[in-house]
Amino acid sequence: MKPDETKMLEKYRLEKCPSSAYYIQNFLTVEEEQLLLKNVYNVPQTKWTQLLRRRLQNWGGIPHPNGMVPEVIPQWLQTYLDKIADLNVFSGTPNHVLINEYKPNEGIMPHLDGPLYSSTIATG
1 MKPDETKMLE KYRLEKCPSS AYYIQNFLTV EEEQLLLKNV YNVPQTKWTQ LLRRRLQNWG
61 GIPHPNGMVP EVIPQWLQTY LDKIADLNVF SGTPNHVLIN EYKPNEGIMP HLDGPLYSST
121 IATG
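Numbering (the numbering used here), first residue to last: 1 to 124.
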């Protein structure tokens, strides 16, 4: 991140967290959030992968031991990747979206992601 961009983000820095953690409240409008959720739940069931304590969707690529197998990101998600890219805080445009769904009392233990998910991550 460039020094000017760091200054711009400073107001979003989280206290009591690593210095690289930021939170932009209301990054999505209520309308954007509703549309995003509608699109997430309107995909074919085959797009969901059921795991032990969650289910997920992969967009932009399927993780593989030899690297990410590329896949086209649908426009309904690309809109938000562009919005993130417009912040100019990443060295490039986001290229992958992982959507996790957790039900009450579900979740995953703290962990480190592999090299495919490095070095900058945006989460919502």
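Built from N, CA and C at the ideal position, the CB exists for glycine as well.
Beta-carbon gap between residue i and residue j smaller than 7 Å
i	j	result
Gly60	Asn95	yes
Ala85	Thr79	no
Leu36	Tyr23	no
Asn42	Trp76	no
Gly72	Ile62	Looking at the sequence itself, residue 72 is Val, so the reference to Gly does not match. No, they are not a contact pair.
Top-ranked residue by Cα proximity to residue i, from the options
i	options	result
Leu98	Asp113, Val89 and Lys16	Asp113
Ala21	Leu51, Thr46, Leu9 and Pro74	Leu9
Lys47	Gln34, Leu87 and Pro74	Pro74
His64	Val30, Tyr12 and Pro115	Pro115
Leu81	Gln45, Gln34, Leu28 and Tyr12	Leu28
Leu51	Ser19, Pro18 and Gly107	Gly107
Ser91	Ala122, Cys17 and Lys11	Ala122
Coarse secondary structure for residue i, derived from DSSP in three states
i	result
Tyr12	helix
Glu106	coil
Leu98	strand
Assess contact between the region 99 to 114 and the region 47 to 64, defined as three or more Cβ pairs (one per stretch) separated by less than 8 Å. Is contact present?
yes
If we require 3 or more residues per run, which beta strand (DSSP E) segments fall completely within the region 40 to 94?
55 to 59, 61 to 64 and 67 to 70
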